[in-house]
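Chains as they are written, first to last, in the working numbering: chain W, 61 to 198; chain R, 35 to 382; chain A, 2 to 383.
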Amino acid sequence: MCNSHFRGSMISPRYHREVPQRYRLEAGKCKQCGHISFPPRLICPKCKSKSFETVKLSRDGKILTFTIIRVAPEKFSKETPYVVAIIELNNDVRLTAQVADCNVNKVAIGDKVKLVFRKIQDEGKSGLHCYGYKAVLG
Amino acid sequence: MVGIVGYGSYLPRYRIKVDLIAKQWGADPEAIKRGLMLYEKTVPGQDEDTITISVEAARYALQRARIDPQKIGAVYIGSESHPYAVKPSATILIEALGIGPHVHAASYEFACKAGTEAMYVAYSLVKAGEMEYAMGIGSDTSQGAPGDALEYSASAGGSAFIMGKENIVAEILFTNSYTSDTPDFWRREHECYPRHAGRFTGEPAYFKHIYNAGITLLEKSGMQPKDFQFAVFHMPNGKFPQEVGKKLGFTKEQMEVGWISPWMGNTYSGSSPTGLSAVLDAAKAGDKIFMVSFGSGAGSDGFIFKVTNEIDKVRDLAPKLRDMLDNDKIYLDYGQYAKFRKKIILNE
Amino acid sequence: MKDVAVVGVGMTKFGELWKKSLRDIFVEASLKAIENSGVDHIDSMYVGTMSSGLFVGQEHIGAVMADYLGVAPVPATRVESACASGGAAFRQAYFEIASGQSEIVLAGGVEKMTDGADVTDALATAADQEYEVYNGITFPGLYAMIARAHMHQYKTSREQLAHVAVKNHKNGSMNPNAQFRSPVTLEQVMKSTMVADPLRLLDCSPVSDGGAVVIVCSVDYAKKLKRPYVKIISSVQTSDTIALHNRESLTALKCVSVAAEKAYKQSGLKPSDINFAEVHDCFTIAEIVVTEDLGFFEKGKGGQAAENGSTSINGKIPINTSGGLKSKGHPVGATGIAQIVECYVQLTGNAGERQVKNAKYGLAQNMGGSGASCVIHILEAV
Chain W
61 MCNSHFRGSM ISPRYHREVP QRYRLEAGKC KQCGHISFPP RLICPKCKSK
111 SFETVKLSRD GKILTFTIIR VAPEKFSKET PYVVAIIELN NDVRLTAQVA
161 DCNVNKVAIG DKVKLVFRKI QDEGKSGLHC YGYKAVLG
Chain R
35 MVGIVGYGSY LPRYRIKVDL IAKQWGADPE AIKRGLMLYE KTVPGQDEDT
85 ITISVEAARY ALQRARIDPQ KIGAVYIGSE SHPYAVKPSA TILIEALGIG
135 PHVHAASYEF ACKAGTEAMY VAYSLVKAGE MEYAMGIGSD TSQGAPGDAL
185 EYSASAGGSA FIMGKENIVA EILFTNSYTS DTPDFWRREH ECYPRHAGRF
235 TGEPAYFKHI YNAGITLLEK SGMQPKDFQF AVFHMPNGKF PQEVGKKLGF
285 TKEQMEVGWI SPWMGNTYSG SSPTGLSAVL DAAKAGDKIF MVSFGSGAGS
335 DGFIFKVTNE IDKVRDLAPK LRDMLDNDKI YLDYGQYAKF RKKIILNE
Chain A
2 MKDVAVVGVG MTKFGELWKK SLRDIFVEAS LKAIENSGVD HIDSMYVGTM
52 SSGLFVGQEH IGAVMADYLG VAPVPATRVE SACASGGAAF RQAYFEIASG
102 QSEIVLAGGV EKMTDGADVT DALATAADQE YEVYNGITFP GLYAMIARAH
152 MHQYKTSREQ LAHVAVKNHK NGSMNPNAQF RSPVTLEQVM KSTMVADPLR
202 LLDCSPVSDG GAVVIVCSVD YAKKLKRPYV KIISSVQTSD TIALHNRESL
252 TALKCVSVAA EKAYKQSGLK PSDINFAEVH DCFTIAEIVV TEDLGFFEKG
302 KGGQAAENGS TSINGKIPIN TSGGLKSKGH PVGATGIAQI VECYVQLTGN
352 AGERQVKNAK YGLAQNMGGS GASCVIHILE AV
């Protein structure tokens with residue numbers, strides 16, 4: 061009755077669409093006011109203009125807040141405990157990402173991080189490998 | 035003149051000590067360490083695989099090469115742990131690094147020498163004038179069967195080399211390959227772990243192919259072992275490369291810098307390429323490097339490099355192999371290692 | 002625009018209702034509300050449910066419920082705004098009466114969460130699927146990040162969060178419909194299993210089944226029914242960015258403060274005029290931040306307020322006399338309506354042990370996701 065394999069699964073077109081963002085951190089910079097939207101949008105949330113240019117986000121940033129996930133959704137259940145943080149990148153854009161390769165008890169607000177390319181999740185045993193960005197300290 | 039214009043390596047931060055693996059299976063840690071000359075090995079994080087490792091290594095290679103990624107005409111990744119059985123690892127890498135889409139991409143497989151294969155083909159395309167730049171990568175997250183001898187060494191890591199004709203850092207002077215049907219180590223489709231033929235993997239396989247490829251390479255070049263500052267060989271453990279190097283006439287000192295397996299383990303397709311990367315981090319203009327890989331099944335690819343003074347400009351543009359090998363390590367216990375390497379049967 | 006009233010309410014017990022289906026739950030609550038209101042028919046209905054499709058594979062909820070309630074062919078619409086689905090459904094009913102379009106509208110909320118679906122996955126659909134959930138965040142994780150930021154900025158303590166849970170369980174123990182009817186101690190909260198640092202199991206509202214329904218009509222019609230009624234004097238809804246990382250502040254819920262300002266303006270009241278409030282305590286930190294953003298306490302002082310008893314039944318501003326989502330339960334779509342039920346019960350003097358003395362104005366604040374939508378209603382006793 062409940063199609064649990066459908067829910068949250070990375071169906072190809074949906075995954076493929078986000079590749080420029082997840083792999084290359086491509087964002088949309090509003091030509092009018094300069095606000096950067098990540099992911100890119102059709103309407104600037106600040107000035108409502110509709111013209112953008114593609115920019116790449118900086119890979120350097122700092123942690124604004126974070127949590128240590130100990131009860132995770134099924135997909136991530138073998139990886140607990142893991143840290144998820146809201147990170148502010150140097151061009152003032154914020155995003156949510158895991159902090160990899162860290163001692164979960166030694167992460168703090170203000171820590172400097174770098175974004176790296178990692179596998180984020182798998183679509184089950186026979187589906188896609190899904191990649192994207194995570195942060196590492198330093 | 036054709037050669038390496040940019041190089042880079044990536045090692046995961048996780049390690050497991052050989053002692054713990056030995057204790058797990060009731061073996062004598064000291065005997066293992068003595069016999070194999072291995073102390074610890076790299077372990078990929080749960081979110082790392084051949085593709086993520088290749089992307090980081092290739093990113094560093096691009097940093098050193100300082101070229102527009104769009105100018106790369108081909109990307110080849112050699113591995114025996116490609117994340118997909120069908121879908122080349124390089125397709126994901128090119129998207130991650132902004133290479134292509136007007137690019138040729140393929141996955142290479144030849145046990146532990148898939149990396150040097152990728153390097154050889156990349157070099158050849160540039161030499162043939164087919165394209166300005168081509169990249170060859172050797173990268174693996176190799177899997178050793180629990181309790182098997184190979185579990186002590188099977189590790190993770192990778193190195194990427196961009197070949198070109200301008201601003202060359204290390205010119206490729208000569209190459210030579212030597213191949214035969216030697217069933218020393220293989221993995222059947224759908225099997226989780228490889229099989230190997232014990233001591234048969236030594237003399238008739240590893241030593242025969244590296245020696246023959248090496249001797250022929252020397253003949254081709256008209257050079258002698260003493261003409262080289264560095265020698266790098268495939269490193270399935272700490273012992274074999276020293277033996278084969280000696281057999282070919284190289285000294286321990288020549289092999290020292292590229293001899294990284296005791297702390298890295300055997301990164302399979304990344305093995306000799308990563309040894310090469312360590313050498314390039316230390317080499318000076320004019321240095322000559324002798325490198326022979328080995329892949330079970332079996333075959334060897336040999337290269338002779340000559341370092342140019344461009345090396346001084348690029349060496350510091352990306353992390354050095356030795357830094358990655360020695361610093362910021364995270365040690366795992368056997369249980370964590372087994373979990374990371376998916377050796378535990380889950381209820382799926 | 003007509004003046005609008007709530008003239009009858011009903012709800013099921015909240016909890017793990019193994020024997021009852023989604024339809025059963027909704028019908029049970031509806032029948033109670035209809036009977037209590039004295040109406041003999043309804044003109045239209047709105048059903049708030051967040052994820053009937055993901056939980057039980059059923060959409061087209063309006064039709065399903067109209068059918069099972071036996072009121073077809075009246076118009077029946079499912080309303081969704083994640084955890085604010087109930088509040089949003091109530092607001093639609095309010096419009097339909099205020100505009101004169103209908104005389105009697107049923108507004109209900111229902112959720113059936115225990116039929117075996119992956120609850121974490123389903124609830125996560127209230128967050129940004131591609132840029133939050135994809136990267137491994139969970140619902141508790143989002144609020145945990147708000148908690149950590151609030152603790153960092155305002156020195157809110159772990160104990161202060163726990164006080165919210167203790168108070169709400171105490172209130173819930175006096176609510177016959179609550180999922181959890183036993184009090185908890187501060188120590189129990191502080192020692193409960195860690196879910197997403199710093200939030201522990203007892204900081205989190207539970208997984209629940211349940212339904213709540215209210216009957217909405219004009220004040221004039223309510224007078225004719227000669228049943229107790231309360232007046233809706235403000236109805237506001239707001240939205241904000243879906244992703245927490247795009248909010249203006251990580252320690253404030255703008256959707257709440259903007260809605261509150263409008264609600265006070267609409268009703269002509271100040272925060273200090275409100276006698277009690279049902280707020281969206283999906284997690285203890287949510288109650289703390291919401292009480293600040295509703296203007297009950299200075300920004301950053303919500304934790305202190307919880308600790309010093311300001312929000313207890315006898316305190317300056319009783320919050321969540323029903324037990325809140327924490328103790329009453331949180332069948333997602335039903336919550337917004339259950340808040341109205343508690344307001345009605347308080348304002349008509351029927352709250353028994355939980356009664357707030359001289360309750361004249363009650364505020365219900367319902368919220369979706371990590372603060373991407375908010376619905377506020379202010380009700381007045383007559």
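Glycine included, C-beta positions come from ideal geometry on N, C-alpha and C.
Taking a C-beta cut-off of 8 Å against chain W, the contacting residues of the stretch 245-256 of chain A are 245, 246, 247, 251, listed in chain order. Proximity of residue 106 of chain W to chain R, defined by a Cβ-Cβ separation below 8 Å, is not satisfied. For residue 329 of chain R, no alpha helix (DSSP H) segment is defined, and its DSSP state is neither H nor E. Annotation for residue 139 of chain A: 121, 125, 197 place their beta carbon closer than 7 Å to its own, counting only its chain and skipping 5 residues before and after.
Residues of chain R whose Cβ lies closer than 8 Å to the Cβ of residue 174 of chain W do not exist; the shortest such Cβ separation is about 11 Å.
Taking C-beta atoms as the reference points, residue 21 of chain A and residue 210 of chain A count as a pair closer than 8 Å. A contact between stretches requires three or more CB pairs, one per stretch, nearer than 8 Å, and the stretch 76-95 of chain R meets this requirement with the stretch 168-183 of chain W. The criterion of a C-beta distance shorter than 8 Å is satisfied by residue 84 of chain W and residue 132 of chain R.
Look at residue 160 of chain W: its C-beta is under 8 Å from a C-beta on chain R. Taking residue 149 of chain A as the centre and dropping the five residues before and after it, the same chain places the C-beta of 198, 199 closer than 8 Å to its C-beta, in chain order.
Three or more pairs of CB atoms, one per stretch, sit closer than 8 Å, so the stretch 36-48 of chain R contacts the stretch 305-312 of chain R. Within the stretch 208-294 of chain A, the runs of alpha helix (DSSP H) at least 4 residues long that lie entirely inside it are, in chain order, 220-226, 255-268, 285-294. Taking every protein chain shown into account, the CB of residue 100 of chain R has fewer than 16 other CB atoms within 10 angstroms, so this residue is exposed. Between the stretch 224-233 of chain A and the stretch 36-43 of chain A, the count of Cβ pairs shorter than 8 Å is three or higher; the stretches touch. At a cut-off of 8 Å between beta carbons, residue 191 of chain W makes no contact with chain A. Residue burial annotation: residue 288 of chain R is buried, with at least 16 other C-beta atoms found within 10 angstroms of its C-beta. Residue 378 of chain A sits in a strand when the DSSP states are folded into three classes. The stretch 204-222 of chain R and the stretch 230-238 of chain R touch, with no fewer than 3 CB-CB distances between them shorter than 8 Å. Here the C-alpha atom of residue 266 of chain R lies approximately 57 Å from the C-alpha atom of residue 159 of chain A. Between residue 269 of chain R and residue 214 of chain R a beta carbon distance of about 21 Å is seen, past the 8 Å cut, so the two are scored as non-contacting. In the structure shown, the three-state DSSP call for residue 369 of chain A is strand.
Across the set W:184, W:187, W:157, W:117, the C-alpha of W:157 shows the shortest separation from the C-alpha of residue 130 of chain A. Bridge pairing for residue 189 of chain W: W:182 [DSSP].
Identification of residues in the stretch 91-117 of chain W having a C-beta nearer than 7 Å to some C-beta of chain A yields 99, given in sequence order. Residue 226 of chain R and residue 284 of chain A have their C-alpha atoms spaced approximately 44 Å apart. Interface flag for residue 149 of chain A against chain W is set, since a Cβ pair is found closer than 8 Å. In this chain, the alpha helix (DSSP H) harbouring residue 316 of chain R covers 305-316. In this structure, the straight-line span from the alpha carbon of residue 185 of chain R to that of residue 178 of chain R is close to 4 Å.
Restricting attention to A:132, A:100, A:46, A:244, the CA atom closest to the CA of residue 77 of chain W is found in A:132.
The residue among W:198, W:168, W:92, W:119 with its C-alpha nearest the C-alpha of residue 153 of chain W is W:119.
Residue pairing of residue 297 of chain A in beta bridges, as defined by DSSP: absent, with no partner found. For a cut-off of 8 Å, the C-beta gap from residue 330 of chain A to residue 184 of chain A is around 16 Å, too long to register as a contact. Residue-level contact check: residue 180 of chain R does not touch chain W, since none of the beta carbons of chain W fall below 8 Å from its beta carbon. Around the Cβ of residue 269 of chain A, a 10 Å sphere holds fewer than 16 other Cβ atoms; the residue is exposed. By the C-beta criterion, the stretch 365-381 of chain R is judged not to be in contact with the stretch 158-176 of chain W, since fewer than 3 inter-stretch pairs fall below 8 Å.
Among the CB atoms of chain R, one or more fall inside 8 Å of the CB of residue 180 of chain W.
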